[in-house]
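A.B. asks: Structure incoming, see below.
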Amino acid sequence: MLQKKTIKIGLLACLLMPMWAQALNLGTLRADEVAVFAQNVQTKQVVAEHRADALMNPASTMKLVTAWHSLNVLGAQHRVHTYWHSRAPIENGVLKGDLVWRGSGDPLLNQEDVLGMMKQLQAQGIRHIQGKLVLDESLWQNIPTALNFNDDGEAAFTVNPHPHMLNYHVVWLQYSPNEAARWQVHPPLAHVTVNDDLVRRVGNGACGMLKRRLKSDWSADNVIVLRGNVTAACAQNQLYSKGVVGAEYAHKAFLGLWQSLGGTGAQTFSVSQSPIPAGRVLSRHASLPVSEMVNRMNKYSNNVIARSLVLLAHPQNQGDGAQALSVLRQRLTQAPWDTKAWVVENGSGLSRIERVSARSMSDMLKHIDQSAMQAVFRQSLPIAGIDGTLRNRLQSMRGQLFLKTGTLNGVKALAGYGVNKRGQTIALSIFINGPEANHTTEQLDALAMRIMDLAQ
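Note that the sequence shown covers residues 6 to 461 in our numbering.
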């Protein structure tokens with residue numbers, strides 16, 4: 006009798022088991038290396054669940070947390086402002102003293118923006134800067150570093166945030182078959198040259214990505230040494246290279262761009278960690294809005310932008326990295342989803358220790374989708390088959406999935422939204438942590454599609 010009752014109870018439990026629990030197919034993925042949680046935002050129905058409360062390394066899906074934080078604290082339309090000022094007079098085209106660059110931490114500042122500021126100097130008659138360039142770095146101190154990530158899939162830019170960020174502190178090398186000027190450097194860095202004696206020309210075949218053909222190293226005397234091969238088809242292709250950073254990069258870029266406009270002077274620079282009293286503002290630049298910073302961060306998984314946004318979201322927008330991260334962690338303790346077990350190191354996912362659960366990440370996504378930031382947030386996510394890091398993935402679900410990707414050595418992740426055939430939103434988080442995770446992109450995408458099939 007007891008055995009019959011046990012069988013009946015077991016059968017009843019199977020019948021009552023939600024369909025998703027029976028149907029979720031992990032394919033060839035190891036069950037103990039995967040965490041999944043997906044839920045219909047409108048109906049609250051759980052679509053898929055597997056190890057949903059396991060703490061996992063989220064890789065770059067952690068940028069979703071930074072997006073929520075910065076949009077909340079700063080607002081979508083917030084801009085930061087870069088100023089150049091001086092107390093020196095202008096006489097006969099000469100600024101008779103130092104030019105101060107007050108760093109704003111704008112992570113999107115580029116060479117065109119700086120050229121625009123230089124043209125403002127020229128509009129006031131300045132052609133020569135008699136003094137030095139003074140870099141006011143008082144905005145931030147003690148910025149945490151990101152080391153040992155050069156082999157990670159999405160760690161294109163592991164440069165640290167900086168008050169004088171410009172072009173992500175990298176240079177882009179553009180190839181030309183013109184023997185007189187084979188490599189153009191963007192931005193032009195003063196006193197930096199390119200040596201391609203070890204680059205072979207190998208005919209007219211297809212080029213592909215230059216980073217798969219060439220390696221670059223910076224010598225102690227600021228020569229970019231290239232090794233590898235190129236074809237004629239590589240003309241106009243670009244390769245990024247990282248060497249000098251921080252204040253040295255800012256000065257070399259300033260000098261190179263200033264000279265490209267015919268300007269002279271400012272051959273030396275100094276750095277101040279204390280605020281420099283404001284003189285007359287000679288040039289100014291307003292950044293793109295925070296909404297655009299978030300968009301570029303999420304679409305292209307940009308670590309520099311993510312880490313800069315955490316610092317910019319400090320209430321006083323001034324202090325050290327530890328204080329800014331404390332603000333983020335404190336806000337998470339007040340969030341309307343469970344973050345008690347979360348580990349946040351820098352907010353970019355460029356971390357070996359950051360941890361979240363699939364359930365809590367999806368809970369955050371549900372909350373955001375029902376908030377005022379819903380449109381800006383969702384528009385920032387890569388769209389399957391269309392743009393960002395999903396441009397060449399999930400083509401069969403083109404335009405139906407809005408997912409942040411994540412990749413580190415030993416980590417693959419997807420988190421964001423899917424839209425089912427009824428137009429309902431599915432908040433979805435999938436994490437894979439394991440030694441073979443880097444080879445699971447196809448399995449990860451297939452799992453996301455199977456989950457969306459369950460959601461229809």
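C-beta: ideal position from N, C-alpha, C; glycine also.
Among the candidates Val46, Asp37, Gly208 and Arg35, whose CA atom is the shortest distance from the CA of Ala432?
C.D. replies: That would be Val46, whose Cα lies nearest to the Cα of Ala432.
A.B. asks: Just to check, is the beta-carbon of Val299 closer than 6 Å to a non-hydrogen atom of the ligand GDP?
C.D. replies: Of ligands this structure carries none, so the ligand GDP is not represented either.
A.B. asks: State buried or exposed for Ile388, treating a residue as buried only when at least 16 other CB atoms are found within 10 Å of its CB.
C.D. replies: Its Cβ being crowded by 16 or more others within 10 Å, Ile388 is buried.
A.B. asks: What does DSSP give as the partner residues of Val105 in its beta bridges?
C.D. replies: His90 and Val139
A.B. asks: Less than 6 Å between C-beta atoms, sequence neighbours within five positions excluded: which residues of the same chain meet that for Ala211?
C.D. replies: Ala238
A.B. asks: Just mark Asp156 as buried or exposed, buried being the case when its beta carbon has 16 or more other beta carbons within 10 Å.
C.D. replies: In this predicted model, Asp156 has a pLDDT of only 48, less than 50, meaning its place in the structure is not dependable enough to derive any value.
A.B. asks: What residues are listed by DSSP as bridge partners for His290?
C.D. replies: Thr87
A.B. asks: Are there 16 or more other CB atoms within 10 angstroms of the CB of Glu96, so buried, or fewer, so exposed?
C.D. replies: exposed
A.B. asks: Distance check for Asn183 and Thr71, CA to CA, integer angstroms please.
C.D. replies: 44 Å
A.B. asks: Name the DSSP beta bridge partners of Met61, please?
C.D. replies: Val361
A.B. asks: From which residue to which residue does the alpha helix (DSSP H) around Arg232 run?
C.D. replies: First-last for Arg232: Val228 to Val235, but that is the beta strand (DSSP E), not the alpha helix (DSSP H).
A.B. asks: Just to confirm my understanding: we take Ala340, look at its own chain, exclude 5 residues before and 5 after, and list those with CB closer than 8 Å. What are they?
C.D. replies: Met369 and His372
A.B. asks: Which residue or residues does DSSP assign as beta-bridge partners of Gln189?
C.D. replies: Gln179, per the DSSP bridge assignment.
A.B. asks: His169 and Ala255: beta carbons closer than 7 Å?
C.D. replies: yes
A.B. asks: List the residues that DSSP assigns as beta-bridge partners of Asp222.
C.D. replies: Val230
A.B. asks: Is it buried or exposed for Met214, if we count other Cβ within 10 angstroms and need 16 for buried?
C.D. replies: exposed
A.B. asks: Let me know the alpha helix (DSSP H) ranges lying completely inside the segment 332–407, each 4 residues or longer, listed in chain order.
C.D. replies: Here the runs fully enclosed are 363–374 and 379–384.
A.B. asks: Straight-line CA distance for Gln379 to Leu100?
C.D. replies: Near 48 Å, if we compare the C-alpha coordinates of Leu100 and Gln379.
A.B. asks: List the whole-angstrom C-beta distance separating Val52 from Ala460, where the pair is believed to meet the contact cut-off of C-beta under 8 Å.
C.D. replies: 5 Å
A.B. asks: Thinking Val139 and Ile281 are a contact (beta carbons under 8 Å), I'd like their distance in whole angstroms, please.
C.D. replies: 7 Å
A.B. asks: To the nearest angstrom, report how far apart Leu76 and Arg84 are at their CA atoms.
C.D. replies: Rounded to whole angstroms, Leu76 to Arg84 spans 12 Å at the Cα level.
A.B. asks: Determine the extent of the beta strand (DSSP E) in which Glu54 is found, giving its start and end residues.
C.D. replies: Val51 to His55
A.B. asks: On the CB-based measure, 16 or more other CB atoms within 10 Å of its CB, does Asn447 come out buried or exposed?
C.D. replies: The question names Asn, yet the displayed sequence has Glu at residue 447. Exposed is the call here.
A.B. asks: Residues in its own chain within less than 7 Å of Trp342 by CB, not counting five upstream and five downstream?
C.D. replies: Ser365, Asp368, Met369 and His372
A.B. asks: Could you check where the alpha helix (DSSP H) with Ala36 kicks off and where it finishes?
C.D. replies: No alpha helix (DSSP H) contains Ala36, which DSSP labels as neither H nor E.
A.B. asks: Report the rounded CA-to-CA distance for Ala161 versus Glu117, giving the unit in angstroms.
C.D. replies: Bear in mind that a pLDDT of 45 at Ala161, under 50, signals an unreliable position, so the model cannot answer this.
A.B. asks: Where does Met22 fall in DSSP's three states?
C.D. replies: Model confidence at Met22 stands at a pLDDT of 42, short of 50, so the residue's coordinates are unreliable; what they give is reported in the following sentence. Reduced to three states, the DSSP call for Met22 is coil.
A.B. asks: By Cβ distance, which residues of its chain are closer than 7 Å to Leu449, with the 5 residues on each side in sequence left out?
C.D. replies: Lys417, Leu419, Ile435 and Ile437
A.B. asks: Rounding to the nearest angstrom, what Cα-Cα distance links Trp223 and Gly248 in this structure?
C.D. replies: 6 Å
A.B. asks: CB-CB under 6 Å to Val299, same chain, minus the five flanking residues each way: which ones, in chain order?
C.D. replies: Ala72 and Ser385
A.B. asks: To the nearest angstrom, how far is it from the Cα of Glu142 to the Cα of Pro320?
C.D. replies: 18 Å
A.B. asks: Can you check DSSP and say which residues form a bridge with Val199?
C.D. replies: Ile229
A.B. asks: Could you name the residues of the same chain whose beta carbon sits closer than 8 Å to that of Gly130, not counting the 5 residues immediately before and after it, in chain order?
C.D. replies: The residues are Ile95 and Gly98.
A.B. asks: Quick one: grab the DSSP three-state call for Gly251.
C.D. replies: Correct three-state label for Gly251: helix.
A.B. asks: Quick check on Ala420: does DSSP put it in helix, strand or coil?
C.D. replies: strand
A.B. asks: Can you name the start and end residues of the alpha helix (DSSP H) that Ile310 belongs to?
C.D. replies: Start and end: Asn308 to Leu317.
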